[in-house]
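In our numbering, each number is its position in the sequence shown, counted from 1, plus 5. All residues carry an ideal CB built from backbone N, CA and C; glycine is no exception. Just so we're clear, the structure is a prediction, and the values are computed from it rather than from any experiment. Down below is the structure, laid out as structure tokens.
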Amino acid sequence: MSPSRHAPSAIHALYRVFVLPALTSATAPVTKRSTSAAQLLRLSATPYSHRPHSCGRSRTFTTTTPLCAKTRAAEVRSQKWNEEITARFIHLVDPITNALSPEPVTRYSVLRDLDTKTHRLVQLSPDPPPGRNYSEFTPTCKIVSKKEAYEVEKRAKDLAKVKKRAMKVMGGAGLKTLELNWAIDQHDLGHRMTRFKEFLLEGRRVEIVLAAKKRGRKASREECEAVLEKVMQVVGEVEGAKQREEMQGKIGGFVTMVFQGRPVVGENNVANASTGADEEGDEDEGEIQEKKRRKRWDQNAPETLSTAVEGSGVRDGEVK
Numbered sequence: 006m007s008p009s010r011h012a013p014s015a016i017h018a019l020y021r022v023f024v025l026p027a028l029t030s031a032t033a034p035v036t037k038r039s040t041s042a043a044q045l046l047r048l049s050a051t052p053y054s055h056r057p058h059s060c061g062r063s064r065t066f067t068t069t070t071p072l073c074a075k076t077r078a079a080e081v082r083s084q085k086w087n088e089e090i091t092a093r094f095i096h097l098v099d100p101i102t103n104a105l106s107p108e109p110v111t112r113y114s115v116l117r118d119l120d121t122k123t124h125r126l127v128q129l130s131p132d133p134p135p136g137r138n139y140s141e142f143t144p145t146c147k148i149v150s151k152k153e154a155y156e157v158e159k160r161a162k163d164l165a166k167v168k169k170r171a172m173k174v175m176g177g178a179g180l181k182t183l184e185l186n187w188a189i190d191q192h193d194l195g196h197r198m199t200r201f202k203e204f205l206l207e208g209r210r211v212e213i214v215l216a217a218k219k220r221g222r223k224a225s226r227e228e229c230e231a232v233l234e235k236v237m238q239v240v241g242e243v244e245g246a247k248q249r250e251e252m253q254g255k256i257g258g259f260v261t262m263v264f265q266g267r268p269v270v271g272e273n274n275v276a277n278a279s280t281g282a283d284e285e286g287d288e289d290e291g292e293i294q295e296k297k298r299r300k301r302w303d304q305n306a307p308e309t310l311s312t313a314v315e316g317s318g319v320r321d322g323e324v325k
């Protein structure tokens, strides 16, 4: 077979693969989306934060919400400051004596001599109701130091935090429960007493639950009394801590004791301020404690009944 007979077919194949596609793409009309002048003006007038993908990187393959910086909420005030005061004449309060000026002064003259970087003019009296002649209204105003106002606001916030903490630690949310075994070793007892002391120092209410293990070693009466003595010793080491309720139960059996930590001391003695709220919540918390005690009593009843009955074979120096 002559190779010249296959030459045209090879040339045609190469032509279809390489040359024809290039000629087709060159002759095809070129369509390109162009941004109109109106679209450019609209985009320039749009705030940058409202534009798509304004967080700084492309989110082509992302379906989650972009995490952009949040704007601070507008300040809400009940008093007017500086130029917000629209009355022409005002009664100015002396910042030292807190006495009113003998004659009304113009707001313009006060703001003219006021250093607005360090002080502000505050309107103390509210605006008159609608319908009243505002031109006859002369509000009472006072010059306030920005630094002093900031310190007062900061102290108020700190005081609110301390009050909230006092309400929490003295209420039901601050109740802590420690469970001890009469035959506990000294190392574990020391660790539990350390936690007990920390709770008392925080001002919390602590419930101590003492019980004997079902299959554990029976503690002697001397060991039981030593555990109680250690508990009372820790309470005595915390100034202001006290036993809130009397011991319920019998030594060697199931015993519950409730203690109150030291008063939470804050500015102006916040603990005293929250005493009323603490007393109001005693009833609900007492019901919760009673349910817990009944539940523990039901769980330990088969074991504790034998120790709660006097003369049930208890020898001197031992508690069954």
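- By a beta-carbon distance limit of 8 Å, Val240 contacts Leu205. Their separation comes to about 7 Å.
- Counting of Cβ neighbours within 10 angstroms places Arg200 among the exposed residues, the total staying below 16.
- As a beta-bridge residue in DSSP terms, Ser150 pairs with His124.
- Rounded to whole angstroms, Leu180 and Lys166 show a C-alpha spacing of 19 Å.
- Around the beta carbon of Gln128, a 10 Å sphere encloses 16 or more other beta carbons of the protein chains shown; the residue is thus reported as buried.
- Between Arg82 and Arg170, the alpha-carbon positions lie close to 27 Å from each other.
- Shown here for Leu126: same chain residues with a beta carbon closer than 7 Å to its own, the five before and five after excluded, namely Trp86, Asn87, Ile90, Val115, Leu116, Leu119, Cys146 and Ile148 in chain order.
- By the Cβ-count criterion, Lys152 is exposed, with fewer than 16 other Cβ atoms from all chains shown falling within 10 Å of its own Cβ.
- Contact between Met252 and Val243 does not hold, since the beta-carbon distance rounds to 18 Å and is not under 8 Å.
- Here the alpha carbon of Ala78 sits roughly 58 Å from the alpha carbon of Lys218.
- Inter-residue distance for Glu212 and Lys223 is about 23 Å (C-alpha atoms, whole angstroms).
- Taking all protein chains shown into account, Val24 has fewer than 16 neighbouring C-beta atoms within 10 Å of its C-beta and is therefore exposed.
- Minimum Cα-Cα distance from Val232 among the listed residues Pro144, Thr68, Asn186 and Glu250 corresponds to Asn186.
- Contact between Tyr139 and Pro131 is ruled out by a C-beta separation of about 12 Å, above the 8 Å threshold.
- Rounded to the nearest whole angstrom, the C-alpha separation of Arg210 and Gln265 is 5 Å.
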